[in-house]
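Engineer:
Chains as they are written, first to last, in my numbering: chain A, 9 to 581; chain B, 118 to 472.
(1) In chain order, what residues of the same chain have a beta carbon less than 6 Å from the beta carbon of residue 408 of chain B, not counting five sequence neighbours either side?
(2) Rounded to the nearest angstrom, what separates residue 137 of chain A and residue 338 of chain A at their Cα positions?
(3) Just by C-beta distance, which residues in the stretch 316-348 of chain B are closer than 7 Å to chain A?
(4) Do you know whose CA, among A:434, A:79 and A:462, lies nearest residue 449 of chain A's CA?
(5) Distance check for residue 308 of chain B and residue 442 of chain B, CA to CA, integer angstroms please.
(6) Taking residue 246 of chain B and residue 412 of chain B to be in contact with their CB atoms under 8 Å, please state how far apart those CB atoms are, rounded to whole angstroms.
(7) Among all the DSSP beta bridges, which residues are the ones paired with residue 200 of chain B?
(8) State yes or no: is the C-beta of residue 445 of chain B within less than 8 Å of the C-beta of residue 357 of chain B?
(9) Measure the C-alpha to C-alpha separation of residue 473 of chain B and residue 26 of chain A and round it to an integer number of angstroms.
(10) Closest by CA to residue 132 of chain A, which one among A:40, A:119, A:272 and A:349?
(11) Is residue 108 of chain A close to chain B? Criterion is C-beta to C-beta, closer than 8 Å.
(12) Which of the three DSSP states is assigned to residue 477 of chain B in this structure?
(13) Okay, do the stretch 101-112 of chain A and the stretch 176-195 of chain A touch, 3+ Cβ pairs below 8 Å being the bar?
(14) Looking at the ligand SAH, does it come within less than 7 Å of residue 346 of chain B, judged from the CB to the closest heavy atom?
(15) Going along the chain, which residues of its own chain have a beta-carbon closer than 6 Å to the beta-carbon of residue 568 of chain A, five neighbours each way excluded?
(16) Kindly give me the distance between the Cβ atoms of residue 368 of chain A and residue 244 of chain A, rounded to whole angstroms, as I take these residues to be in contact under 8 Å.
(17) Here's the rule: buried if 16 or more other CB atoms are within 10 angstroms of the residue's CB, otherwise exposed. What is residue 497 of chain A?
(18) Counting only the same chain and skipping the five closest in sequence on each side, list residues whose C-beta sits under 6 Å from that of residue 18 of chain A.
(19) Using DSSP bridges, identify the partner residues of residue 385 of chain B.
(20) Run through chain B and tell me which residues come within less than 7 Å of residue 531 of chain A, C-beta to C-beta.
(21) Looking at C-alpha atoms only, which residue of A:115, A:445, A:548 and A:489 is the closest neighbour of residue 527 of chain A?
(22) With 8 Å set as the bound, which would you pick, yes or no: does the beta-carbon of residue 493 of chain A sit closer than that to a beta-carbon of chain B?
(23) Could you have a look at residue 281 of chain B and say whether DSSP puts it in helix, strand or coil?
(24) Using a Cβ cut-off of 8 Å (strictly closer), state whether residue 339 of chain A contacts chain B.
(25) Apart from the five residues just before and just after residue 72 of chain B, which ones in its own chain have a Cβ nearer than 6 Å to its Cβ?
(26) Could you confirm whether any beta carbon from chain A is found closer than 8 Å to the beta carbon of residue 230 of chain B?
(27) Taking the alpha-carbon positions, what's the residue 430 of chain A to residue 259 of chain A distance?
(28) Closest to residue 436 of chain A by C-alpha separation, out of B:211, B:179 and B:193, would be which residue?
(29) Let me check one thing: in DSSP terms, what residues is residue 153 of chain B bridge-paired to?
(30) Taking 8 Å as the cut-off, decide whether the C-beta atoms of residue 232 of chain B and residue 404 of chain B are in contact.
(31) Report yes or no: do the stretch 345-359 of chain B and the stretch 289-300 of chain B share at least 3 C-beta pairs separated by less than 8 Å?
(32) Can you tell me the Cβ-Cβ gap for residue 285 of chain A and residue 357 of chain A, rounded? I've got them flagged as a contact below 8 Å.
(33) If you pair each beta-carbon of the stretch 238-257 of chain B with each one of the stretch 325-335 of chain B, do three or more pairs fall below 8 Å?
(34) Check each candidate in A:421, A:324 and A:75 and name the one with the smallest Cα separation from residue 234 of chain A.
(35) Between A:351, A:388 and A:466, which lies nearest to residue 403 of chain A when the distance is taken from Cα to Cα?
(36) Can you tell me the Cα-Cα spacing of residue 156 of chain A and residue 163 of chain A, whole angstroms?
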């Protein structure tokens, strides 16, 4: 993906160059988005209640067992999740990318479905499935085996239970990285190996695996990161089990009386670790230059599995039962049952839950409204910013474009809950009091969406050769006219796809929203979280299904446009 | 925890002695406002505002029903229910007010201590509905007219009758320490629920924190809301509920679920749930109308009949199926003690139960 023209396009020499103004404008916007909340975060971490410099907050963090234990738990959780993700997802990625397993596209689609399922919704669905006594799976287990009333197969309210659920919604990250890497790996290298007499399996072992190893490692890091910064699933499953993770602890530090200093201090290790891990990922992936060597790669050779392909397919579907089929079925069941944990039957069937959510629950309308307004606003503004910045950076249109690119990618390193804390500290006091308005949520969602949107638009711009624009410019068009007439039509589908993914990422966001909402600015994810705390599982199922229908509709639309869903990294929360 | 200089219990005892019954017996600083009836002018003004924002800790399903009943009586005034645990509602209001956001009209909490703080902060509006002045004991409303008790809650023990035989059911808090209940109990959280904040305070005062330390060894399932524990035993997720909203156990039972209530022999924790109007309420007239209706005989009877809670209104008629409050051995409520001890309770609880 090199750009043939190495000279930056000639700059306009006459008149005022408005692109400079645009650059500074957008740089300022990005600074406000990122630098302001993070500065407040650091400031608060180092001051006491009276505003004097102190390291006491960190001392408390290390000495208080109720704060130290979550830190250890979080690392164990992230490490285990990351390991299991690799073990499960890497073979699946290989099966889909490199073998003749049937239904490969369907498997991919289903992985995407687990990708877009909000993890907190998955966690609640797994409560319905595997709560030790009332869980549907455990009920079936007792009926089938005749075991006594106390025994259970799974206990989701446990540390292994939490690892399991987090893994369910994290493994797609590894899968996508591995599958994409394998698809991009030229089969010439493998052909060479075969021609030199290596068997299929030897080739796989000595050529394919080393080629894909960087992707697996990168996937492991991303999975670690996701598990570490996840808020929803631990809040739903860990608290009943009697333990905290870092994110739930940070959140609980905001309960009355709030301890923002401690929360800020607890957020910093998460932030620093995220930055380090992302650097590591960058280094690992940066070395993978051989994967995209050469101009015309032939299609990767598919390995024939013989009868084993049916076994492989069965394995894939067994894996996909966990993030997709079972949870969706449980939510569907709970939507139409009088008792959430009983199977739908004649005596148990009801539509009351739907009626309750749509017509009685007074929070529904406002939350739906807020969610969609924020989704549309974030997607629109986010896409516009991403388009402009990608243009400036890929076309190297102005000096300082690298800094812009960096600023747009930087939020990747900010976990949602940490950003929530930072924004809360920044915008609850003068001069900028945005707390209580949708603006603060918009800022949060924009910041969180920026890296994915920017990455996607940037690769779209890179795919369009600048000579098309240059031709237009040479023929006398201004930069803006060239953009409008040449670049814009070519980019249309990418823009729509980016919009869709930002929208989907926004309406499922919980970890920042839960720090920033007020009664007037509640969104669906927060409403679902609230309902979980009061045990209204049926209402959650209805709202959850609404959310899933909207999300899948949008994702289907984006997929229709055949646009790289694989390269987009949705955030978990 | 180990280096506490004096026993928490001594402090609590001390403050209890000072505080028992003192909350409403403070010297009257100002005469309470004259009792207000629902006038056509009030209804008209409320309709102009069109809505009322109701922050409450009531069970969500009932809170919405309650709001809808009001809307049916006074069409044109919509009630928006903002439900969460009482301690969460308290945090929310504090956060909103510290950022100068005045969104709440009427609040109904499950923790008297909250009203002490709000009153001290000078956030509340004095308003005494006519029914309150005529039909409520003086102990059930503030002498200065800043708050009225809307509902009286108890936090009993309860169990699932499919999982536990009647003769084997626990009779007291002490019974719950029996190893046979290990892994079979569910409990709500004092940092979320006002009912549980009060019950934790009362049990810790009467039985000592050692009780909770022993209870924590029983692998108790920890949920947040006092409205969730009855649901968890009704689902059969756990056999026994350590604490939670008694009224919901009765509601579940009357809906045919296999649950039974137990009033522990040591005494049942008590939490009176007061309501108040905020001075800076965005819809002051709708707030007063709703507040007035809530404490009228209509609203209160609905609380008794549908929510199955206890009403402070003398004219409400009891509906069979609920044990009379006077027949239950109750623990003593101490809002001032809770107000002073809340932070310590949360801290200590988090240490013992790890969440």
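Idealized CB from N, CA, C, for every residue including glycine.
Structural biologist: Well, looking at it:
(1) 223 and 394
(2) 6 Å
(3) 338, 339, 340, 341, 342, 344, 345 and 348
(4) A:434
(5) 26 Å
(6) 5 Å
(7) B:173
(8) no
(9) A query on residue 473 of chain B cannot be resolved here, the shown segment of chain B reaching from 118 to 472 and no further.
(10) A:349
(11) no
(12) The first residue shown for chain B is 118 and the last is 472, placing residue 477 of chain B beyond what the model contains.
(13) yes
(14) This structure lacks the ligand SAH, and indeed carries no ligand of any kind.
(15) none
(16) The pair is not a contact, with the Cβ atoms about 24 Å apart (cut-off 8 Å).
(17) exposed
(18) Reliability fails at residue 18 of chain A, whose pLDDT of 46 lies under 50, so the model's placement of it is uncertain and no value is given.
(19) B:447
(20) Per Cβ cutoff of 7 Å: no residues; residue 531 of chain A is ~14 Å from chain B at best.
(21) A:445
(22) no
(23) coil
(24) no
(25) Residue coverage of chain B in this structure runs from 118 to 472, which leaves residue 72 of chain B outside it and unanswerable.
(26) no
(27) 12 Å
(28) B:211
(29) B:246
(30) no
(31) yes
(32) So it is not a contact: roughly 48 Å between Cβ atoms.
(33) no
(34) A:421
(35) A:466
(36) 15 Å
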